[in-house]
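In our numbering, the protein residues as written are 24 to 246.
Backbone N, C-alpha and C fix where the C-beta goes; we use that ideal spot for every residue, glycine too.
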């Protein structure tokens with residue numbers, strides 16, 4: 024049995040990195056075969072097992088695991104007040120980290136594909152968000168998250184779906200069928216959102232969703 028990669032192998036241990044990625048790829052292919060056979064639950068297990076062999080995504084510098092960077096409750100302590108601020112410039116990822124990032128994005132997107140078949144829209148959104156943390160322009164993840172957000176059927180989820188579709192419009196080639204279809208979805212979603220918010224004298228233009236740095240969105244009200 025291949026060793027688990029719960030911790031990233033050192034950059035000097037190329038053999039360990041290769042074993043890790045090979046194991047992940049074998050499990051991913053196993054999941055693909057199960058998915059093609061319409062064995063959604065079994066495929067999901069294979070993909071999640073593959074994900075467990077990958078090191079977790081690195082968090083931004085100075086961001087503890089349970090801390091929300093947008094929180095205003097993190098008061099500065101006296102000892103911190105006199106410290107010289109450290110540079111928050113992110114380090115360039117190593118080649119190994121890039122490969123792990125690509126693998127995590129694909130596996131998470133595949134997990135989302137299984138959860139679509141199992142009608143778990145919240146799970147789809149979470150899995151796609153994880154994929155987009157590693158690859159913000161991953162088209163399949165954006166499409167799956169947007170479609171799942173529509174089905175959640177709340178005005179905030181519709182706004183998130185609209186933002187995903189808008190990003191897809193930027194990524195699709197001009198005059199492509201995908202771009203035209205996505206443009207139609209944006210118009211439809213805006214109409215649905217306005218019909219809900221119109222009861223309160225508002226529209227989707229009153230709400231702006233911006234990436235929060237964790238793969239999700241922060242909402243701002245605009246008058």
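ask   = So what's residue 116 in DSSP terms, helix, strand or just coil?
value = The residue you call residue 116 lines up with position 93 of the chain shown. Three-state DSSP puts residue 116 in coil, outside helix and strand.
task = Please go through the stretch 33 to 83 and give each complete alpha helix (DSSP H) segment of 4 or more residues, from N-terminal end onward.
result = Runs of the alpha helix (DSSP H) inside the stretch 33 to 83: 37 to 59, 63 to 75.
ask   = Roughly how many angstroms separate the alpha carbons of residue 52 and residue 143, rounded to a whole number?
value = The sequence position of residue 52 within the chain shown is 29, counting from 1. The sequence position of residue 143 within the chain shown is 120, counting from 1. A straight line joining the alpha-carbon of residue 52 with that of residue 143 spans about 23 angstroms.
Coarse secondary structure for residue 123, derived from DSSP in three states = Translated into positions along the chain shown, residue 123 becomes position 100. DSSP, reduced to helix, strand and coil, places residue 123 within a helical segment of the structure shown.
query = Alpha carbon to alpha carbon, what distance is there between residue 36 and residue 205?
reply = Mapped onto the chain shown, residue 205 falls at position 182. Mapped onto the chain shown, residue 36 falls at position 13. Using only the alpha carbons, I get a separation of about 44 angstroms.
request  = Decide if residue 76 is buried, meaning its Cβ has at least 16 other Cβ atoms within 10 Å, or exposed.
outcome  = Indexing the chain shown from 1 puts residue 76 at position 53. With 16 or more other Cβ atoms inside 10 Å of its own Cβ, residue 76 counts as buried.
query = Excluding sequence positions up to five away, which residues of its chain have a Cβ less than 7 angstroms from the Cβ of residue 44?
reply = Here the question's residue 44 lines up with position 21 in the chain shown. Excluding residues within five positions, the ones whose Cβ falls inside 7 angstroms are 122, 126.
message = For residue 133 and residue 47, what's the separation of their Cα atoms in angstroms?
response = Residue numbering aside, residue 133 sits at position 110 when the chain shown is read from its first letter. Residue numbering aside, residue 47 sits at position 24 when the chain shown is read from its first letter. Approximately 13 angstroms between the Cα atoms of the pair.
ask   = Taking C-alpha atoms, which residue in 179, 119, 71 lies nearest to residue 81?
value = Numbered from its first residue, the chain shown carries residue 81 at position 58. Considering only alpha carbons, the answer is 119.
Residue nearest to residue 152 in terms of C-alpha spacing, selected from 131, 69, 193, 137 = Residue 152 sits at position 129 when you count from the first residue of the chain shown. The shortest C-alpha to C-alpha distance from residue 152 to any of 131, 69, 193, 137 is the one to 131.
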